[in-house]
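Structure first, commentary second.
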Amino acid sequence: MKKILANAMFIIPFSVLSSENLVSNGSFENHSVLTGTWALLDEIEGWSTEGAKLEIQKTTINFIDSQSGDSHIELDSTGNYSIYQNIPTVIGKRYKVSFYYSARVVADNSTNRARASFGDTTLTTMNATTLGWKKYEYSVIATDNVTQIKFQGLGRSDSLGALLDNVVVTEEEEVTPPEPPVTCKVGVYGINNFGEDNNSYVYKF
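In terms of the numbering used here, the sequence shown opens at residue 189 and continues consecutively.
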């Protein structure tokens, strides 16, 4: 008996799922009680700072609503400063990093600059001249078991600078569903019951 099976095609789709946020206090909601619409803080839950004090602002500050919750930060208080957080990561794993940025001063590209980095990777340097939240999103592979996410004020140090809110880091997980049935593009099936190549029945499907 002779059998011939032509090309078969397999399709294996996959999807990417995101897990929980690895950043602590990514929307800057957990802080000491404010008596006004803004304040300078020595510390805030989950984050460390370098340079000047951290400036926290509330939606009630009037010129912009917080992107998430009721609070956001400005990266130029009495001067430019950096804010960072060390998060646990797995070497070789891919992570999705996202955050929202807005300029503070309209039509002035000298004071709104800021830089975002994830470990040794500089994600971007922001420098808008219009007021309004813009989402930035990146996919990055971790190279260490602990990775620092950092935001640095870079504009003119004049107490007016970049606004930041809703920082999220999640591990990307690739999920492959069960293998689907084989889909045949073309098939030929031959049967020879006579022991001779020149006598056979051929079926096509």
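Every residue gets a Cβ at the ideal spot worked out from N, C-alpha and C, and that includes glycine. Note that the structure is predicted; figures quoted are calculated from it, not measured.
Taking the beta carbon of residue i as the centre, do at least 16 other beta carbons fall within 10 Å, making it buried, or is it exposed?
i: Gly224; result: exposed
i: Lys338; result: buried
i: Ala194; result: Residue placement at Ala194 is flagged as unreliable, the pLDDT there being 38, under the threshold of 50; a coordinate-derived value is accordingly withheld.
i: Ile232; result: buried
i: Val293; result: buried
i: Ile199; result: In this prediction, Ile199 scores a pLDDT of 33, lower than 50, which makes its location untrustworthy; the coordinate-derived value is nonetheless stated afterwards. Per the 10 Å Cβ criterion, exposed.
i: Ser212; result: exposed
i: Thr277; result: buried
i: Gly267; result: exposed
i: Glu262; result: buried
i: Val221; result: exposed
i: Phe306; result: buried
i: Ala295; result: exposed
For residue i, which of helix, strand or coil comes out of DSSP?
i: Ile279; result: coil
i: Ser207; result: coil
i: Asn333; result: coil
i: Ile249; result: helix
i: Ser236; result: strand
i: Gln273; result: strand
i: Glu361; result: strand
i: Leu242; result: strand
i: Leu352; result: strand
i: Phe339; result: strand
i: Val221; result: coil
i: Ser254; result: coil
i: Phe216; result: coil
i: Glu325; result: strand
i: Val285; result: strand
i: Asn297; result: coil
i: Ser290; result: strand
i: Pro201; result: A caution first: Pro201 carries a pLDDT of 37, below 50, which makes its placement in the model too unreliable to give a value.
Do residue j and residue i come within 8 Å of each other at the CB atom, strictly closer than that value?
i: Thr317; j: Asn333; result: no
i: Trp235; j: Tyr288; result: no
i: Thr358; j: Ser259; result: no
i: Thr335; j: Ile275; result: yes
i: Gly343; j: Thr299; result: yes
i: Ser347; j: Asp230; result: no
i: Thr237; j: Ile271; result: yes
Could you spell out where the beta strand (DSSP E) holding residue i opens and where it closes?
i: Thr313; result: Thr309 to Met314
i: Trp226; result: Trp226 to Leu229
i: Glu262; result: Ser259 to Glu262
i: Ser345; result: Neither: Ser345 is in no beta strand (DSSP E) and is coded neither H nor E.
i: Phe306; result: Ala302 to Phe306
**Asked** Counting Cβ pairs, one atom from each stretch, are 3 or more of them under 8 Å apart for the stretch 281–288 and the stretch 323–331?
**Response** yes
**Message:** For the stretch 350–359 against the stretch 214–228, do three or more pairs of beta-carbon atoms, one drawn from each stretch, fall closer than 8 Å, so that the two count as touching?
**Reply:** yes
**Asked** Are at least three pairs of beta-carbons, each pair with one atom in the stretch 235–242 and one in the stretch 308–316, less than 8 Å apart?
**Response** no
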